[in-house]
Amino acid sequence: MTFSSKQRSDVLQTMSEKQYDLLVIGGGITGSGIALDAISRGMTVALVEMQDFAAGTSSRSTKLVHGGLRYLKQFEVKLVAEVGRERAIVYENGPHVTTPEWMLLPIYRGGTFGKWSTSIGLWLYDRLAGVKQSERRTMLNARQTLEKEPLLKRDGLIGGGYYVEYRTDDARLTIEVVKKAVELGVDAVNYVKAEQFLYDERGRITGARCRDMIGGRVYDIRAKKVVNAAGPWVDALRDKDGSKTGKRLQLTKGVHIVIDQKRFPLKQAVYFDTPDGRMVFAIPRDGKTYVGTTDTFYDDDPAHPAMTEEDRDYLLQAIHYMFPSVGVTADDVESSWAGVRPLIYEEGKNPSEISRKDEIWTSPSGLITIAGGKLTGYRKMAETVVDLVAKQLEKEEGNTFRPCQTKQLPISGGDVGGSHRLPVFIAEKAKEAARYGLTEEQGARLAKQYGTNVDRLFALSNEYDRSSGLTRETFVRLVYAIEEEMAVKPVDYFIRRTGALLFDIDSVRREKEAVVAFMARYFGWTEEERDMYGKELDQELRRAVLAEEGEE
Ligand SMILES: Cc1cc2nc3c(=O)[nH]c(=O)nc-3n(C[C@H](O)[C@H](O)[C@H](O)COP(=O)(O)OP(=O)(O)OC[C@H]3O[C@@H](n4cnc5c(N)ncnc54)[C@H](O)[C@@H]3O)c2cc1C
477 MTFSSKQRSD
487 VLQTMSEKQY
497 DLLVIGGGIT
507 GSGIALDAIS
517 RGMTVALVEM
527 QDFAAGTSSR
537 STKLVHGGLR
547 YLKQFEVKLV
557 AEVGRERAIV
567 YENGPHVTTP
577 EWMLLPIYRG
587 GTFGKWSTSI
597 GLWLYDRLAG
607 VKQSERRTML
617 NARQTLEKEP
627 LLKRDGLIGG
637 GYYVEYRTDD
647 ARLTIEVVKK
657 AVELGVDAVN
667 YVKAEQFLYD
677 ERGRITGARC
687 RDMIGGRVYD
697 IRAKKVVNAA
707 GPWVDALRDK
717 DGSKTGKRLQ
727 LTKGVHIVID
737 QKRFPLKQAV
747 YFDTPDGRMV
757 FAIPRDGKTY
767 VGTTDTFYDD
777 DPAHPAMTEE
787 DRDYLLQAIH
797 YMFPSVGVTA
807 DDVESSWAGV
817 RPLIYEEGKN
827 PSEISRKDEI
837 WTSPSGLITI
847 AGGKLTGYRK
857 MAETVVDLVA
867 KQLEKEEGNT
877 FRPCQTKQLP
887 ISGGDVGGSH
897 RLPVFIAEKA
907 KEAARYGLTE
917 EQGARLAKQY
927 GTNVDRLFAL
937 SNEYDRSSGL
947 TRETFVRLVY
957 AIEEEMAVKP
967 VDYFIRRTGA
977 LLFDIDSVRR
987 EKEAVVAFMA
997 RYFGWTEEER
1007 DMYGKELDQE
1017 LRRAVLAEEG
1027 EE
């Protein structure tokens, strides 16, 4: 099946003519993971996403594949163990989108973690996650801690814990999972909203009536089983199914800010205390430092959370508190992103205390809902959901399916021969790049970001047309995003296919006109459409710096 945005309508037409084993609603990491698991077991699978893939929470996280050290403080040992063990699997299956990142946890007199509790906590964290010997935590004294990160506050510093986590690109991780699912046969389309459910005469769910948010047409997609993986929107869908009873979601908002390394030259990723007793991350990445997150209850539209002045000032204060020599101000905040956590409501708990555990509910009509959880645990969550689907289909339809296959299934671009081979792979591709008119540096950058799919991008370089006004690198990225990653709008390209709006916002300002013009020609947009998509991008550029009037 194709994953080109030019063929969206054809794919939708085909989808409306079939009956699937499984329809997944939601193209975040949870839904994409479920689709991949199900197809690799032999089910027939459709997936619809009402925005772009990963446009919900899955492009708005802290971008860490981690067990959640702080949950140990809440004695969530099982959660930490389960999610922690998944880190290595996520890494191994997609080393091009996940990188080990050593994390420094400075310890202060009277801070969240004491020296002994940090030592024991990190020891336990590593054991629970099954971390290999060479990557186990070490404890540092104050001098060693400052050597790792000289910008840290010295006052009251008594040492540090140094341990391994993994950094990822959440949106690209999601896209690579969904691409692999499509490669194996899933029919997946973005900008298609499940508006209502279809039922048989016994009231059993049989699919969903879906609207193409681009073309406007409505399609019925039929399936024996339907999974609601709609993240912050799962309750809205349960409501449509008439089954929003018992447990419900509690949304909390989390914001991250991005500052140039010239203004905040952080050497080392740090997990540190805030003045109000929470913990936040500061992480160096691609010439920038990003800091987050906030955690506040959220009741507005989950599609458009944005950073308010209050969020920004809270994070700036946290930076001043832990890195006193770093005099960053609001003017230094180049970009930001805000996401909402789909957590499960717990009476009387504040946002940071609510558990990150996932839960699965089956409604009387048969709608299966998965809620809560973490990006890191997506594969395991998918396994649990698809086990349930398989069991039901085996019982009701007499089908048999293979057991879960995803533990050793590389995601798209991840088949580089194991994580240990990635540096060699990148070096080889960097050398090859010259044959395609690209520099060694560009070749390395593309290989690192796209893994084994880099060959497709290299091949596109032969079609480069200078008159497009795009650089060669942007041309190959953009055409690849459109033809093989279903990018429909300029914002899809700049936010979720490349992350440029978050980590290189100036490049977006430089390239936006050429990109919008190219897409307008490619898709044959009317003047009105071109204007609309251009304005949407401008709005995202403004919102990255601060929420607009009336927004939360
Ligand atoms: C600030 C913050 C920081 C975080 N940091 C981390 C971290 O560092 N590591 C980690 O492991 N986890 C982290 N998380 C958690 C993680 O991001 C989420 O658990 C995960 O992304 C949830 O994915 P999802 O697919 O369930 O939801 P989403 O990504 O929101 O996907 C649901 C999708 O369903 C679609 N949808 C909704 N309704 C419909 C409909 N009717 N029809 C079609 N489609 C529909 C939506 O458009 C959306 O794209 C963080 C979360 C936040 C908010």
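For the sequence shown, my numbering begins at 477 and goes up steadily by one.
All residues carry an ideal CB built from backbone N, CA and C; glycine is no exception.
These numbers were taken from a predicted model, which means no experiment stands behind them.
The Cβ-Cβ distance between Val862 and Asp497 does not fall below 7 Å.
Judged by their CB atoms, Leu1022 and Trp813 are not nearer to each other than the 7 Å cut-off.
Around the beta carbon of Glu835, a 10 Å sphere encloses fewer than 16 other beta carbons of the protein chains shown; the residue is thus reported as exposed. By the CB criterion at 7 Å, Asp711 and Val487 fall outside the cutoff.
In the DSSP assignment, Leu660 falls outside any beta strand (DSSP E) and carries neither an H nor an E. In this structure Gly543 is in contact with Leu604, their Cβ atoms being roughly 7 Å apart against a cut-off of 8 Å. Contact between the segment 697-713 and the segment 667-685 is established, with three or more Cβ pairs separated by less than 8 Å. Gly707 carries a helical assignment under DSSP once its states are collapsed to helix, strand and coil. When Gly730, Asn704, Asp891, Ile735 are compared, the shortest CA-CA separation from Lys720 is found for Asn704. Nearest C-alpha to Lys608 among Leu616, Tyr639, Arg678, Asp891: Tyr639. Note on geometry: alpha-carbon atoms of Tyr642 and Glu677 lie some 49 Å from one another. Assigned with DSSP and collapsed to three states, Glu810 falls in strand. Contact check for Val964 and Ile690: beta-carbon distance about 6 Å, within the 8 Å limit, so the pair qualifies. About 15 Å separates the beta carbons of Gly606 and Leu545, which is beyond the 8 Å limit, so they are not a contact pair. Distance from the CA atom of Pro571 to the CA atom of Gly679, rounded to whole angstroms, is 45 Å. The three-state secondary structure of Thr928, taken from DSSP, is helix. Ligand 1 never approaches Val521 closely enough for any of its heavy atoms to be under 6 Å from the residue's Cβ.
The beta carbon of Met526 sits closer than 6 Å to at least one heavy atom of ligand 1. Annotation for Ala957: the continuous alpha helix (DSSP H) segment containing it runs 948-960. The beta strand (DSSP E) runs lying completely inside the segment 558-585 and spanning 3 residues or more are 574-584, given in chain order. Taking 6 Å as the cut-off, the C-beta of Gly504 counts as close to a heavy atom of ligand 1. Here the distance from the Cβ of Ser537 to the nearest heavy atom of ligand 1 is below 6 Å. Within the segment 831-877, the runs of alpha helix (DSSP H) at least 4 residues long that lie entirely inside it are, in chain order, 854-873. Unbroken beta strand (DSSP E) stretches of 3 residues or longer found wholly inside the segment 586-642: 614-617, given in chain order. Of the candidates Phe951, Ser593, Leu674, Ser593 places its Cα closest to the Cα of Gly636. For Asn617, the CB contacts under 6 Å within the same chain, skipping 5 residues up- and downstream, are Gly635 in chain order. In its chain, beyond the 5 residues on either side, Thr845 have a beta carbon closer than 6 Å to the beta carbon of Trp837. A heavy atom of ligand 1 is found nearer than 6 Å to the CB of Thr769. Residue burial annotation: Met798 is buried, with at least 16 other C-beta atoms found within 10 angstroms of its C-beta.
Taking Gly894 as reference, the option from Gly763, Glu810, Ile733, Ala564 with the minimal CA-CA separation is Ala564. Residue state for Met491 is assigned as helix, using DSSP reduced to three classes. The straight-line gap separating the alpha-carbon atoms of Ser480 and Ala511 is approximately 18 Å. A residue is called buried when at least 16 other Cβ atoms come within 10 angstroms of its Cβ; Phe773 does not meet this threshold and is exposed.
For Ala684, the enclosing beta strand (DSSP E) begins and ends at 681-688. Between Phe877 and Arg761, the alpha-carbon positions lie close to 42 Å from each other.
Residue state for Gly692 is assigned as coil, using DSSP reduced to three classes.
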